[in-house]
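Here is the structure we will look at, set down as structure tokens.
In the numbering used here, the protein residues as written are 103 to 751.
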């Protein structure tokens, strides 16, 4: 049976092709050939159906064989290319031809070598083609697997050897990385156990292991953990991959992040457990409030028209009070939480915030007032507007959730200058002009422990299933990515103020210049209570502190200081107290003041040296002691350090 073969000859003397064709026919080939003798014809021939082999004579009139072979390879063709060498073909030429991409050369005077060389190259070309097709098919499958949203993980066979991972991972797709945060390089060769964490159900993990060991398919929902430590619910389907003899060689797992679905299911289950009032508040709160409006409205009308001495008045008043309590109850039960690459441009925050105002009002409940103060800012900033919107929404939602019984949210803009003194005590802040975006609420506020952790990922004070702990962490990340700075001021019962500082885009920010210690101005705005029995010293310390922006309270002895604490309703941030005073020394006073004002910082001062103070039994440290006589610089350095040490602790 003849074997068809397509051959392209580059030959200026076509009769010289016939002996080669005859030789091929004798071997059982059925040659289909074309002979070309110009570059144009050669290019046209390459543009048609593919050739099984190309033969180029040397020498050939008007053509350069080296150019011909290069043109073939530049087109990406893997076609075997033979040089038909003559007596004029030097060894140097043949070497150059091979380097240019020729497959082999055949000397016309020894044509017998043609057949095995052609058979070899046709076979090798077929192998290369098959390999390319297999690789292309494999790449297509990998692209398809990478394109799906589910994570795919393939593990190797189980290992009983000690110290070896059981079912080591040999492949993961891109979605696996998106879901877990781990790259392929980090997990290849590892067991999947690294996805388990402290709250992973051992019984579910055991069920999965039993199925794998038994060569069975299994689908479970298991709590796994991402690289950053956050848990996620994983709908995992594992199936065995079997070899030709039916033995299990590998396992494939398909994982889907069903955290959101589980969260919705948990919310639904929680709603089912609520009492009737809770169900009404969650399902038909609007209608329920309408009913309460009728109750309270008519009861008010009855009370207005009813004489003061009417015996029924007390009953109507109780009805009215019950309606008001019901209204407040529905408001308390209607609290919701929701959460949303970096493309910065110069933007006007006024425009962004005004465009967001309707959205912000929808985020807030009807019992929360929204106020804006955006007019005092003309500077622009270089930020990603979408990320700014996300940050603002997270802050607004945080403010809303801090006011379950209603309140007020104030959003404002201002142009501020952060100087070197401010930057000195706020690492990462560069001095310069900034636009400050402030979101303030009148909610329940935060204590010091909460303030210290408020920007930590996954930290939340909300009940389980209500908050994710990512809202304020997202704000922090957005601000830092924008080369900005964010701070929070809050006290329990006094609401909270979040201030975001974005560098102005209108002018370059000033370089950070480290001033000599004597030139640094340790300004602040905190409240300091001075307890000093020497009038002159007390007056001096007060003047220094006021000059640096502090709010100053003073007392001549501990008893007077305790009265100041009772009378002053604001926060006292620091107590500057003498150690040696009549009737009560400084350490005893510090214990009393800390019991009255938890969290207050205390800075001791004395004319004695620190060592002498230690020998007297007073427990002071380098950070909490300033020795008299003190200079303005030394006093302010200690005051500022004591205040900031507490904030960073």
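C-beta: ideal position from N, C-alpha, C; glycine also.
Three-state secondary structure assigned by DSSP to residue i
{"i": "residue 326", "result": "strand"}
{"i": "residue 573", "result": "helix"}
{"i": "residue 555", "result": "helix"}
{"i": "residue 616", "result": "Unreliable positioning characterises residue 616 in this predicted model, as indicated by a pLDDT of 40, which lies under 50. The coordinate reading is nonetheless provided below. If DSSP states are grouped into helix, strand and coil, residue 616 belongs with coil."}
{"i": "residue 309", "result": "helix"}
{"i": "residue 653", "result": "strand"}
{"i": "residue 702", "result": "coil"}
{"i": "residue 489", "result": "helix"}
{"i": "residue 531", "result": "coil"}
{"i": "residue 455", "result": "helix"}
{"i": "residue 729", "result": "strand"}
{"i": "residue 169", "result": "helix"}
{"i": "residue 107", "result": "strand"}
{"i": "residue 447", "result": "strand"}
{"i": "residue 494", "result": "helix"}
{"i": "residue 708", "result": "strand"}
{"i": "residue 174", "result": "helix"}
{"i": "residue 509", "result": "strand"}
{"i": "residue 250", "result": "coil"}
{"i": "residue 230", "result": "helix"}
{"i": "residue 503", "result": "helix"}
{"i": "residue 736", "result": "helix"}
{"i": "residue 722", "result": "coil"}
{"i": "residue 179", "result": "coil"}
{"i": "residue 425", "result": "helix"}
{"i": "residue 582", "result": "helix"}
{"i": "residue 410", "result": "coil"}
{"i": "residue 746", "result": "helix"}
{"i": "residue 372", "result": "Model confidence at residue 372 stands at a pLDDT of 32, short of 50, so the residue's coordinates are unreliable; what they give is reported in the following sentence. In the structure shown, residue 372 sits in a helix (DSSP, three-state: H, G or I)."}
Burial state of residue i, where buried means 16 or more other Cβ atoms lie within 10 Å
{"i": "residue 331", "result": "exposed"}
{"i": "residue 121", "result": "exposed"}
{"i": "residue 246", "result": "exposed"}
{"i": "residue 401", "result": "buried"}
{"i": "residue 88", "result": "Lying outside 103 to 751, the shown extent of the chain, residue 88 is not represented and no answer is given."}
{"i": "residue 480", "result": "exposed"}
{"i": "residue 632", "result": "buried"}
{"i": "residue 738", "result": "buried"}
{"i": "residue 417", "result": "exposed"}
{"i": "residue 640", "result": "buried"}
{"i": "residue 113", "result": "buried"}
{"i": "residue 519", "result": "exposed"}
{"i": "residue 670", "result": "exposed"}
{"i": "residue 466", "result": "buried"}
{"i": "residue 638", "result": "exposed"}
{"i": "residue 592", "result": "buried"}
{"i": "residue 505", "result": "buried"}
{"i": "residue 426", "result": "exposed"}
Identity of the residues DSSP links to residue i by a beta bridge
{"i": "residue 342", "result": "353"}
{"i": "residue 320", "result": "340"}
{"i": "residue 587", "result": "603"}
{"i": "residue 538", "result": "516, 603"}
{"i": "residue 475", "result": "514"}
{"i": "residue 598", "result": "543, 592"}
{"i": "residue 359", "result": "336"}
{"i": "residue 256", "result": "273, 354"}
{"i": "residue 483", "result": "449, 606"}
{"i": "residue 470", "result": "509"}
Chain D contact for residue i (CB, 8 Å cutoff)
{"i": "residue 495", "result": "Among the chains in the structure shown there is no chain D, since it carries only a single protein chain."}
Which ranges does the alpha helix (DSSP H) cover as unbroken runs of at least 4 residues, wholly within the stretch 182-212, from first to last along the chain?
193-202
contact_flag[the stretch 139-155, the stretch 188-196] where n(CB pairs < 8 Å) is 3 or more:
no
When the Cβ atoms of the stretch 486-506 are set against those of the stretch 410-423, are three or more pairs found closer than 8 Å?
The stretch 486-506 makes no contact with the stretch 410-423, as fewer than three CB pairs between them are under 8 Å.
If you pair each beta-carbon of the stretch 621-635 with each one of the stretch 599-607, do three or more pairs fall below 8 Å?
With a cut-off of 8 Å, the stretch 599-607 and the stretch 621-635 do not count as touching, because too few Cβ pairs lie within range.
Can you list the alpha helix (DSSP H) stretches of 4 or more residues lying completely in the stretch 109-163, in chain order?
Scanning the stretch 109-163 from its first residue to its last, the whole alpha helix (DSSP H) runs of 4-plus residues come out as 120-128, 141-148.
Answer yes if the stretch 446-458 comes into contact with the stretch 469-479, meaning at least three C-beta pairs across the two stretches below 8 Å, and no otherwise.
yes
Within 8 Å, do at least three Cβ pairs link the stretch 195-212 to the stretch 124-141?
These segments do not touch.
Stretch pair the stretch 151-159 + the stretch 175-185: three plus CB contacts closer than 8 Å
yes
Quick check: the stretch 333-346 against the stretch 225-244, are there 3 or more CB pairs under 8 Å?
With the cut-off at 8 Å, the stretch 333-346 and the stretch 225-244 do not touch.
Which ranges would you report for the alpha helix (DSSP H) in the stretch 272-297 if only whole runs of at least 4 residues count?
276-282, 286-289
Decide if the stretch 721-729 is in contact with the stretch 662-677; the criterion is three or more beta carbon pairs, one per stretch, under 8 Å apart.
no
Starting from the N-terminal side, write out each stretch of the alpha helix (DSSP H) that is 4 residues or longer and does not extend beyond the stretch 619-693.
637-649, 660-669
Three or more beta-carbon pairs under 8 Å between the stretch 460-473 and the stretch 481-495, yes or no?
Note that the stretch 460-473 touches the stretch 481-495; at least 3 beta-carbon pairs, one per stretch, sit closer than 8 Å.
Three Cβ pairs or more, each shorter than 8 Å: is that satisfied between the stretch 291-299 and the stretch 317-330?
yes
The stretch 653-661 in contact with the stretch 684-692 per 3-pair CB rule at 8 Å
Contact annotation: the stretch 653-661 touches the stretch 684-692, with at least three C-beta pairs closer than 8 Å.
Meets three-Cβ-pair contact criterion under 8 Å: the stretch 690-705 and the stretch 646-655
no
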